[in-house]
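Notes follow the structure.
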Amino acid sequence: MGQRSGNNNQRGKTVVIFGREIPRADLFRVGGLIVFFIVLALSVAFVWPMVTTLLTQGPEQLAQEIRSAGPMGMLMLLGLQFIQILTVFIPGEAVQLAAGMMYGPWLGALIILVGCLASSAVIYQLVHRLGQPFVEDMVSTKYLDKFREFEKSGKLNTIVFILFLIPGLPKDVFTYLVPLTNMPMKTYLTIITIARFPGVIMSTYAASGLIDGNIKSSIAILVILAVIAGVVILFKDKLLVLVQGKGKNK
1285 MGQRSGNNNQ
1295 RGKTVVIFGR
1305 EIPRADLFRV
1315 GGLIVFFIVL
1325 ALSVAFVWPM
1335 VTTLLTQGPE
1345 QLAQEIRSAG
1355 PMGMLMLLGL
1365 QFIQILTVFI
1375 PGEAVQLAAG
1385 MMYGPWLGAL
1395 IILVGCLASS
1405 AVIYQLVHRL
1415 GQPFVEDMVS
1425 TKYLDKFREF
1435 EKSGKLNTIV
1445 FILFLIPGLP
1455 KDVFTYLVPL
1465 TNMPMKTYLT
1475 IITIARFPGV
1485 IMSTYAASGL
1495 IDGNIKSSIA
1505 ILVILAVIAG
1515 VVILFKDKLL
1525 VLVQGKGKNK
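The working numbering puts the first residue of the sequence shown at 1285, with every later residue one more than the last.
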């Protein structure tokens, strides 16, 4: 009787497809992954004209096109920011500059942060449901071992905050990696949103200044951001080691 019950439970957890038993959990993961890529493809197709303008003609031309769309422009920018985080390949700084040119430093920053928050929440849920294989399909997992070490150090929250605060680091990649740790979703969203804010407001402020005629201050901000980002890109691996060391000592 126990043997039969065990067999029934096992069958309940599997589905027979083409004569092969496949675990239901694996089937749901594959189905979820397929749905995600379909939605992503449709979303990218929707914003692709904006992406093309951004990549070929720059944020100023994109700002003009979205501004000409009237009230829909805000939703278009929000959608572009949402897709930028999900797909990783769209340069986030360029989207931030376009936001500042269109809506000024504060409203532009708010739109960017709302888009970051929404896309990060979606990524967190997807990673938790589909697991590490999904992350490996989406981004490079070069830094995954580092995040495992950060988690073991007991200072994961502090280290993640620092990493999202520093310009030039691959934050969009980190957005996929952090959910593989034990960080709760509420903590994850709070930390990365607050940490992104200084960089976003500096970008939108600089872009708004270019439109308003504050050329010198805007160029100074952009140069500072570019220098910091350049140094971080050159020494990012050493920086990760340094940040981890500081996290352990705190």
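Note that the Cβ used here is the ideal one computed from N, Cα and C, for glycine as well.
Q | Nearest neighbour of Arg-1432, chosen from Thr-1459, Leu-1464, Phe-1448 [CA to CA] | A | Checking every option, the nearest Cα to that of Arg-1432 belongs to Leu-1464.
Q | Closest residue to Ala-1378 among Val-1411, Thr-1488, Met-1360, Gly-1357 (Cα-Cα distance) | A | Thr-1488
Q: Assess, as a yes-or-no matter, whether the region 1409 to 1427 is touched by the region 1449 to 1468 under the definition of 3 or more beta carbon pairs within less than 8 Å.
A: yes
Q: Between the Cα of Gly-1357 and those of Ala-1382, Thr-1336, Thr-1371, spot the shortest distance and give me the residue it belongs to.
A: Ala-1382
Q) How is Pro-1355 classed by DSSP in three states: helix, strand or coil? A) coil
**Q.** Whole-angstrom distance between Val-1484 and Ile-1536, CA atom to CA atom
**A.** Residue 1536 is absent from the structure shown; the chain starts at 1285 and stops at 1534.
Q) Quick one, are the C-beta atoms of Leu-1447 and Ser-1404 less than 9 Å apart? A) Not a contact, by the Cβ cut-off of 9 Å.
**Q.** Chain-order list of residues whose beta-carbon lies under 7 Å from that of Leu-1440 (same chain, five-residue window excluded)
**A.** Phe-1434, Thr-1465, Met-1467
**Q.** Whole-number beta carbon distance between Ile-1369 and Cys-1400, since they are thought to touch under 8 Å
**A.** 6 Å
Q) Is Ile-1374 helix, strand or coil when you go by DSSP? A) coil
Q. Is Arg-1295 helix, strand or coil by DSSP?
A. Legend: pLDDT at Arg-1295 = 47, less than 50; position of this residue unreliable, value from coordinates given subsequently. Three-state result, Arg-1295: helix.
Q: Express the C-alpha separation of Gly-1363 and Thr-1371 in angstroms, rounding to a whole number.
A: 12 Å
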